[in-house]
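Notes for the one structure printed next.
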Amino acid sequence: MKMTPAVLIIGALMVFWASAFIIVGIPSMTMKETPSEIWRQLTPEEEAGHRLYVINGCSYCHSLYIRVSDWDIGAERIAESGDYVGVEPAILGTERTGPDLSQEGGEHPEDWNIAHFTNPRHTSPISLMPSWDFLEEREIRALTAYVQALGGKAADVRQARQRQWKTQAVAAYSGGLDRNVEWLHAQVPEVWRRMPNPYPATEAALQRGKRIYQQFCINCHSPIGDGKGSAEPYLSPPPLNFTTLRRHVVENRYIGGIFYYQIMNGITGTAMPYFKKHLESEKIWDLANYLAVSFVGYTDANIEPRGIDASYEGAWRNSYPPPGTEAK
Ligand code: HEC
Ligand code: HEC
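For the sequence shown, the working numbering begins at -11 and goes up steadily by one.
Next comes the structure, spelled out in C-alpha cells:
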C-alpha cells in the first residue's frame, strides 16, 4: 500500500481511538455504580479536598489502587471500583513514587497531616514530596479531610481510634512530665519495659543510629532531642523531649525495650508514626542506643537479663554507670 497523506491521517486516528478506548473507555465501563461495603458519601469539605487532589496533581506520585504484593496499607484491602462511586473524576493513578493512598484515612492523626502538607520535610525529613504551603489553611484542612476519608467506613473506624487515643495522650501531656512519661510507658507491655538493649552501644552503632535519626526523626524530635523540631508548632501533643527522661530511666533501670517498642509501633493518637515498615530490627536497636546515649545520657545496652541475644557482642563493655550508683 502506498503511504499517502490520507492513509497516514486515517491510520493515526485509528491508533488514537484504539488507545483512547483501552485507556479511557474500558476503565470507565468497568467502574461500577454499586457502592462497596466501605463506601460512604464524601462531605462537602472532603469533596473540596478531592478537587485539590486533582488540581495539584497528587496522582502523578500516588495511586488509589494498589497491587496485592505492595507494602503499603492499601494492600490490606485492595480497592474496588465501588469504593469510588460518585467521585468525579476518580483518578486512581498508576504512579507509585509515593505510597498508595487508598486506605490512607486514619493512618496518621490530623495534626500529622497538616504538618506534612505544609511541608513534608517536617514529618518525613528526606521526603521528595512538594510543599503545599502556598495553599490557604482552609485548603490544607480540606486536603487533610479528604485524605482522612480515603478508605471510607474503614478509615472512619481508624480515625475514631486515633481521636480516642489522642484525648488520652493530650490529657497525659497536660498533666505534666511525670504523668506523661508514666502514661507513655504504661502503653508498653511489661516484658518490653524490662528488656535491655541487646546490642552494644559501640561507636559504629551510635553513628548508624545518628544517621537513621537524621533521616526519619530529626524535624520532630530536633537535632538535640528536645522535641523542638520544625514540626513542633503543628503537633499536639508535641514530640517528646528525650532529655527529660533521665530520672524515669534511673527509676526503671531499663530503657532499650521501651524505645524499641515505641519506635516499632508508634504511639496511636499522637503524631509519632510506626517505623516497623521502614526499619529493620537492628536499626531500631541502634536508634534506641543512640537516643539513650546522646539524649538521656545512659544506656542499658548489654546488661542482664538479656531477652534477646545480639548477633554480635564483641569486646564492648557498658561504661555507663547503672542508674542510682552515679555520684550525686
Ligand atoms: C513528587 C511526588 C509527590 C507528589 C506530587 C505528592 N506526593 Fe505525597 N508523597 C510522596 C512521597 C515520596 C511520600 C513518602 C514520604 C513522605 O511521607 O512525605 C508521600 C507521602 C504522602 C502521604 C503520607 C503517606 C503515609 O502514610 O506515609 C500523604 C497522605 C500524601 N503523600 C498525600 C499527597 C497529596 C494529597 C498530594 C497532592 C496535594 C501529594 N501527596 C503529592 C510523593 C509525592
Ligand atoms: C511527626 C513527628 C514525629 C516523628 C517523625 C517521630 N516522632 Fe517520636 N514522638 C512524636 C510524638 C508526638 C511523641 C509522643 C509525645 C507525647 O505523647 O508526649 C513521640 C514519642 C516518641 C518516643 C516515646 C519515648 C518514651 O519514652 O515513651 C520515642 C522513643 C520516639 N518518639 C522516638 C522516635 C524516633 C526514633 C523517631 C524516628 C525514627 C521518631 N520518634 C520520629 C513525634 C514524632
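Backbone N, C-alpha and C define an ideal beta-carbon position, used for all residues, glycine too.
For clarity, every value in this text was computed on a predicted model and none was experimentally measured.
| Check | Outcome |
| --- | --- |
| The segment 77 to 89 in contact with the segment 33 to 52 per 3-pair CB rule at 8 Å | yes |
| Proximity of residue 23 and residue 75 at Cβ, strictly below 8 Å | no |
| Segment contact flag, the segment 214 to 233 with the segment 281 to 288, C-beta cutoff 8 Å, min 3 pairs | yes |
| CA nearest to the CA of residue 33, picked from 306, 211, 126 | 126 |
| beta-carbon residue 284 near ligand 2 non-hydrogen atom, thresh 7 Å | no |
| Three-state class that DSSP yields for residue 252 in the structure shown | helix |
| Unbroken alpha helix (DSSP H) run spanning residue -7, endpoints | -7 to 8 |
| Element boundaries [alpha helix (DSSP H), containing residue 37] | 32 to 43 |
| 8 Å contact criterion, which residue 36 and residue 54 should meet: CB distance rounded | About 25 Å; that fails the 8 Å criterion. |
| DSSP-derived helix/strand/coil call for residue 288 | coil |
| Residues near residue 196 in its chain [Cβ-Cβ closer than 6 Å; skip 5 each side] | 274 |
| Any non-hydrogen atom of ligand 2 closer than 7 Å to residue 280 Cβ | no |
| Separation of residue 83 from residue -5, as counted between CA atoms | 35 Å |
| Supposed contact pair residue 187 and residue 277 - C-beta distance, whole angstroms, cut 8 Å | 6 Å |
| Best match in 2, 292, 131 for proximity to residue 31 [C-alpha to C-alpha] | 131 |
| Any non-hydrogen atom of ligand 1 closer than 7 Å to residue 162 Cβ | no |
| Candidates 91, 271, 182: closest to residue 291 by CA position | 182 |
| Best match in 220, 105, 243, 5 for proximity to residue 294 [C-alpha to C-alpha] | 243 |
| Distance between beta carbons of residue 17 and residue 69, contact taken as under 8 Å | Wrong, their Cβ atoms sit about 10 Å apart, outside the cutoff. |
| As assigned by DSSP and simplified to three states, the class of residue 69 | helix |
| Separation of residue 237 from residue 261, as counted between CA atoms | 23 Å |
| Rounded C-alpha distance that separates residue 118 from residue 43 | 14 Å |
| Whole-Å CB distance - residue 97 paired with residue 258, under 8 Å assumed | 7 Å |
| Exposed unless 16 or more other CB atoms sit within 10 angstroms - verdict on residue 279 | buried |
| Nonlocal neighbours in the same chain, by C-beta distance under 6 Å from residue 219, ignoring five residues either side | 103, 110, 111, 207, 208 |
| Nonlocal neighbours in the same chain, by C-beta distance under 8 Å from residue 157, ignoring five residues either side | 171, 225, 255, 257, 258 |
| Contact with chain B by residue 102, beta-carbon distance below 8 Å | Here there is only one protein chain, and chain B is not present. |
| Close beta carbons around residue 249, own chain, < 6 Å, minus the five adjacent residues each side | 176, 180 |
| Anticipated Cβ contact below 8 Å, residue 27 with residue 140, distance rounded | 5 Å |
| Entirely enclosed alpha helix (DSSP H) segments - the segment 220 to 249, minimum 4 residues | 234 to 240 |
| Minimum C-alpha distance to residue 272 - residue among 198, 124, 57, 210 | 198 |
| Check: residue 256 C-beta below 7 Å from any heavy atom of ligand 1 | no |
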